[in-house]
Amino acid sequence: MAPSKTFNVPGLGCAFAVITDPELRRLWISGSHGLIPHVNVMGVAAALAAYRDGQEWLDQALAYLRGNRDFLAQYVTGNLPGVRMTTMEATYLAWLDCRRSAIPGNPFEYFLANARVALNDGADYGRGGKGFVRLNVACSRKTLTQALDRMRDALKKL
0 MAPSKTFNVP GLGCAFAVIT DPELRRLWIS GSHGLIPHVN VMGVAAALAA YRDGQEWLDQ
60 ALAYLRGNRD FLAQYVTGNL PGVRMTTMEA TYLAWLDCRR SAIPGNPFEY FLANARVALN
120 DGADYGRGGK GFVRLNVACS RKTLTQALDR MRDALKKL
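As numbered in numbering that gives the first Met the number 0, residues 0 to 157 make up the sequence shown, in order.
1) Considering only the beta carbon of each residue, do Arg24 and Val136 sit closer than 8 Å?
2) Between which two residues does the alpha helix (DSSP H) containing Ala112 stretch?
3) Grouping DSSP H, G and I as helix and E and B as strand, with all else coil, what is Asn78?
4) Just how far apart, CA to CA, sit Thr165 and Asp123?
5) Is Pro2 near Ala44, with beta carbons less than 8 Å apart?
6) Are the beta-carbon atoms of Arg140 and Leu79 separated by less than 8 Å?
7) Quick check: what's the CA-CA separation for Gln145 versus Leu11?
8) On a Cα-Cα basis, can you pick out the residue from Ala153, Ser31, Gly53, Asp120 that is closest to Ile102?
9) Give the DSSP-derived three-state secondary structure of Leu143 in the structure shown.
10) For Pro21, count the other beta carbons within 10 Å of its own beta carbon; 16 or more makes it buried, fewer makes it exposed. Which is it?
11) Where do the N-terminal and C-terminal ends of the beta strand (DSSP E) with Asp96 fall, by residue?
12) CB-CB under 6 Å to Val82, same chain, minus the five flanking residues each way: which ones, in chain order?
13) Evaluate Met41 with the Cβ neighbour count: other Cβ atoms within 10 Å of its Cβ, from every protein chain shown; 16 or more gives buried, anything less gives exposed.
14) Compare the Cα-Cα distances from Lys155 to each of Phe110, Lys129, Glu88 and report the closest residue.
15) Where does Val38 land, buried or exposed, given buried means 16+ other C-beta within 10 angstroms?
16) Taking only three categories from DSSP, how would you classify Asn67?
17) Following the continuous alpha helix (DSSP H) through Arg133, name the residue where it begins and the one where it ends.
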(Lines of atoms letter the chains of each structure in order from A and count residues from 1; the text may use other names and numbers.)
(Lines give C-alpha, C1' and ligand atoms only; values in the text may rest on other atoms or scores of the structure.)
Protein backbone atom coordinates (compact mmCIF):
# COMPACT_ATOMS: atom_id res chain seq x y z
CA MET A 1 0.00 0.00 0.00
CA ALA A 2 1.04 3.60 -0.40
CA PRO A 3 -0.57 6.99 0.11
CA SER A 4 0.81 8.20 -3.22
CA LYS A 5 -2.35 8.16 -5.36
CA THR A 6 -4.94 8.52 -2.63
CA PHE A 7 -3.33 11.57 -1.05
CA ASN A 8 -1.45 12.91 -4.09
CA VAL A 9 2.05 12.42 -2.67
CA PRO A 10 3.81 10.41 -5.42
CA GLY A 11 7.51 9.70 -5.56
CA LEU A 12 8.13 9.74 -1.84
CA GLY A 13 9.11 6.06 -1.55
CA CYS A 14 6.73 5.22 1.26
CA ALA A 15 4.93 2.07 0.10
CA PHE A 16 4.47 -0.79 2.53
CA ALA A 17 2.92 -4.23 2.80
CA VAL A 18 0.62 -5.51 5.53
CA ILE A 19 0.97 -9.28 5.58
CA THR A 20 -0.82 -10.95 8.46
CA ASP A 21 -0.09 -14.55 7.44
CA PRO A 22 3.28 -15.49 9.01
CA GLU A 23 4.32 -17.83 6.18
CA LEU A 24 3.48 -15.31 3.45
CA ARG A 25 5.30 -12.62 5.43
CA ARG A 26 8.39 -14.86 5.66
CA LEU A 27 8.28 -15.49 1.89
CA TRP A 28 7.86 -11.77 1.21
CA ILE A 29 10.80 -10.85 3.41
CA SER A 30 13.08 -13.49 1.88
CA GLY A 31 12.01 -12.66 -1.67
CA SER A 32 12.29 -8.91 -1.34
CA HIS A 33 15.72 -8.79 0.29
CA GLY A 34 17.71 -5.95 -1.23
CA LEU A 35 14.82 -4.48 -3.19
CA ILE A 36 14.11 -1.73 -0.71
CA PRO A 37 17.46 -0.53 0.63
CA HIS A 38 16.16 2.25 2.86
CA VAL A 39 13.12 4.16 3.96
CA ASN A 40 12.56 7.68 2.68
CA VAL A 41 12.14 9.86 5.79
CA MET A 42 10.12 12.47 3.91
CA GLY A 43 7.87 9.71 2.60
CA VAL A 44 7.29 8.31 6.08
CA ALA A 45 6.39 11.77 7.39
CA ALA A 46 4.00 12.34 4.47
CA ALA A 47 2.40 8.90 4.91
CA LEU A 48 1.91 9.42 8.63
CA ALA A 49 0.39 12.85 8.10
CA ALA A 50 -1.91 11.57 5.35
CA TYR A 51 -3.13 8.54 7.26
CA ARG A 52 -3.49 10.35 10.59
CA ASP A 53 -4.94 13.67 9.45
CA GLY A 54 -6.09 13.26 5.85
CA GLN A 55 -9.51 11.64 6.14
CA GLU A 56 -11.50 14.87 5.97
CA TRP A 57 -9.55 16.03 2.92
CA LEU A 58 -9.98 12.61 1.29
CA ASP A 59 -13.73 12.59 1.93
CA GLN A 60 -14.04 16.04 0.34
CA ALA A 61 -11.87 15.05 -2.62
CA LEU A 62 -13.90 11.90 -3.25
CA ALA A 63 -17.17 13.85 -3.06
CA TYR A 64 -15.81 16.37 -5.57
CA LEU A 65 -14.70 13.60 -7.93
CA ARG A 66 -18.12 11.92 -7.66
CA GLY A 67 -19.70 15.26 -8.56
CA ASN A 68 -17.46 15.60 -11.61
CA ARG A 69 -18.23 12.00 -12.60
CA ASP A 70 -21.98 12.62 -12.37
CA PHE A 71 -21.69 15.93 -14.22
CA LEU A 72 -19.71 14.21 -16.98
CA ALA A 73 -22.25 11.40 -17.32
CA GLN A 74 -25.11 13.88 -17.74
CA TYR A 75 -23.09 16.06 -20.10
CA VAL A 76 -22.10 13.16 -22.35
CA THR A 77 -25.68 11.91 -22.57
CA GLY A 78 -27.11 15.33 -23.40
CA ASN A 79 -24.37 16.95 -25.47
CA LEU A 80 -21.99 14.49 -27.14
CA PRO A 81 -23.97 12.60 -29.81
CA GLY A 82 -22.76 9.08 -30.44
CA VAL A 83 -20.47 9.11 -27.39
CA ARG A 84 -21.17 6.82 -24.46
CA MET A 85 -19.49 6.79 -21.07
CA THR A 86 -18.72 3.50 -19.38
CA THR A 87 -19.30 3.21 -15.63
CA MET A 88 -16.31 4.53 -13.71
CA GLU A 89 -15.15 2.18 -10.96
CA ALA A 90 -12.62 3.35 -8.33
CA THR A 91 -10.99 5.84 -10.69
CA TYR A 92 -11.07 9.44 -11.82
CA LEU A 93 -10.49 8.39 -15.42
CA ALA A 94 -13.56 8.18 -17.64
CA TRP A 95 -13.62 5.81 -20.59
CA LEU A 96 -15.59 7.36 -23.46
CA ASP A 97 -16.80 5.14 -26.30
CA CYS A 98 -16.82 7.19 -29.51
CA ARG A 99 -17.41 4.33 -31.94
CA ARG A 100 -21.01 5.36 -32.66
CA SER A 101 -20.15 9.00 -33.21
CA ALA A 102 -19.62 10.59 -36.61
CA ILE A 103 -15.93 11.17 -35.89
CA PRO A 104 -13.87 10.23 -38.95
CA GLY A 105 -10.95 8.11 -37.78
CA ASN A 106 -9.30 8.31 -34.40
CA PRO A 107 -11.33 10.24 -31.76
CA PHE A 108 -8.16 11.13 -29.85
CA GLU A 109 -6.72 12.84 -32.92
CA TYR A 110 -10.05 14.44 -33.80
CA PHE A 111 -10.59 16.04 -30.38
CA LEU A 112 -6.97 17.16 -30.20
CA ALA A 113 -7.09 18.84 -33.60
CA ASN A 114 -10.65 20.19 -33.54
CA ALA A 115 -11.38 20.83 -29.85
CA ARG A 116 -7.85 21.39 -28.51
CA VAL A 117 -8.58 18.78 -25.83
CA ALA A 118 -5.79 16.30 -25.10
CA LEU A 119 -7.32 13.02 -23.99
CA ASN A 120 -5.69 9.60 -23.77
CA ASP A 121 -6.00 7.51 -26.92
CA GLY A 122 -7.89 4.32 -26.16
CA ALA A 123 -5.81 2.47 -28.76
CA ASP A 124 -2.81 2.88 -26.45
CA TYR A 125 -4.49 0.40 -24.09
CA GLY A 126 -4.77 -2.44 -26.60
CA ARG A 127 -6.81 -3.46 -29.63
CA GLY A 128 -10.07 -3.25 -27.70
CA GLY A 129 -9.45 0.44 -27.02
CA LYS A 130 -9.75 1.57 -30.62
CA GLY A 131 -12.52 4.17 -30.88
CA PHE A 132 -12.30 5.10 -27.20
CA VAL A 133 -10.70 8.01 -25.35
CA ARG A 134 -9.90 8.39 -21.67
CA LEU A 135 -10.74 11.63 -19.86
CA ASN A 136 -9.37 12.67 -16.46
CA VAL A 137 -12.08 14.22 -14.25
CA ALA A 138 -9.69 15.08 -11.39
CA CYS A 139 -9.74 18.76 -12.29
CA SER A 140 -11.83 21.81 -11.54
CA ARG A 141 -15.42 21.76 -12.76
CA LYS A 142 -14.61 24.85 -14.82
CA THR A 143 -11.77 23.07 -16.63
CA LEU A 144 -13.92 19.98 -17.20
CA THR A 145 -16.79 22.09 -18.54
CA GLN A 146 -14.51 24.02 -20.89
CA ALA A 147 -13.06 20.81 -22.31
CA LEU A 148 -16.50 19.25 -22.75
CA ASP A 149 -17.90 22.39 -24.38
CA ARG A 150 -15.04 22.35 -26.90
CA MET A 151 -15.63 18.65 -27.57
CA ARG A 152 -19.36 19.34 -28.07
CA ASP A 153 -18.58 22.17 -30.48
CA ALA A 154 -16.15 19.97 -32.42
CA LEU A 155 -18.82 17.28 -32.80
CA LYS A 156 -21.31 19.86 -34.08
CA LYS A 157 -18.96 20.53 -37.00
CA LEU A 158 -19.45 16.98 -38.29
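Don't be surprised by glycine CBs; every beta carbon is placed ideally from N, CA and C. All of these numbers come straight from a predicted model, not from anything done at the bench.
The answer reads as follows:
1) On the sequence shown, residue 24 is found 25 positions in, with the first residue counted as 1. On the sequence shown, residue 136 is found 137 positions in, with the first residue counted as 1. The answer is no: Cβ separation not under 8 Å.
2) Counted from its first residue, the sequence shown places residue 112 at position 113. Element bounds for Ala112: 106-114.
3) Taking the sequence shown and counting its residues from 1, the one referred to as residue 78 is at position 79. Residue state, collapsed to three classes: helix.
4) No information on residue 165 is available, as it lies outside the stretch 0 to 157 that the chain covers here.
5) As a working mapping, residue 2 is identified with position 3 in the sequence shown. As a working mapping, residue 44 is identified with position 45 in the sequence shown. No, these two residues do not count as a Cβ contact at 8 Å.
6) Here residue 140 corresponds to residue number 141 of the sequence shown, with the count starting at 1. Here residue 79 corresponds to residue number 80 of the sequence shown, with the count starting at 1. Not closer than 8 Å, so no.
7) For this step, residue 145 is matched to residue 146 along the sequence shown. For this step, residue 11 is matched to residue 12 along the sequence shown. Those two C-alpha atoms are separated by around 33 Å.
8) As a working mapping, residue 102 is identified with position 103 in the sequence shown. Nearest option by C-alpha distance: Ala153.
9) Counted from its first residue, the sequence shown places residue 143 at position 144. Three-state DSSP puts Leu143 in a helix.
10) For this step, residue 21 is matched to residue 22 along the sequence shown. Exposed, since its Cβ has fewer than 16 Cβ neighbours within 10 Å.
11) Locating residue 96 in the sequence shown gives position 97, where the first residue counts as 1. Counting along the chain, the beta strand (DSSP E) containing Asp96 begins and ends at 92-96.
12) Counted from its first residue, the sequence shown places residue 82 at position 83. Excluding sequence neighbours, Val82 sits near Val75, Leu95, Cys97, Ser100.
13) Taking the sequence shown and counting its residues from 1, the one referred to as residue 41 is at position 42. The residue is exposed, with fewer than 16 neighbouring Cβ atoms inside 10 Å.
14) Position 156 of the sequence shown, counted from the first residue, corresponds to residue 155. Ranking Phe110, Lys129, Glu88 by Cα distance to Lys155 puts Phe110 first.
15) If you number the sequence shown from 1, residue 38 lands on position 39. Classification of Val38: exposed, given that the 10 Å Cβ count is below 16.
16) For this step, residue 67 is matched to residue 68 along the sequence shown. Helix.
17) To locate residue 133, count along the sequence shown from 1; it is residue 134. Looking at the DSSP string, Arg133 is not in any alpha helix (DSSP H); the run it does join, the beta strand (DSSP E), is 131-135.
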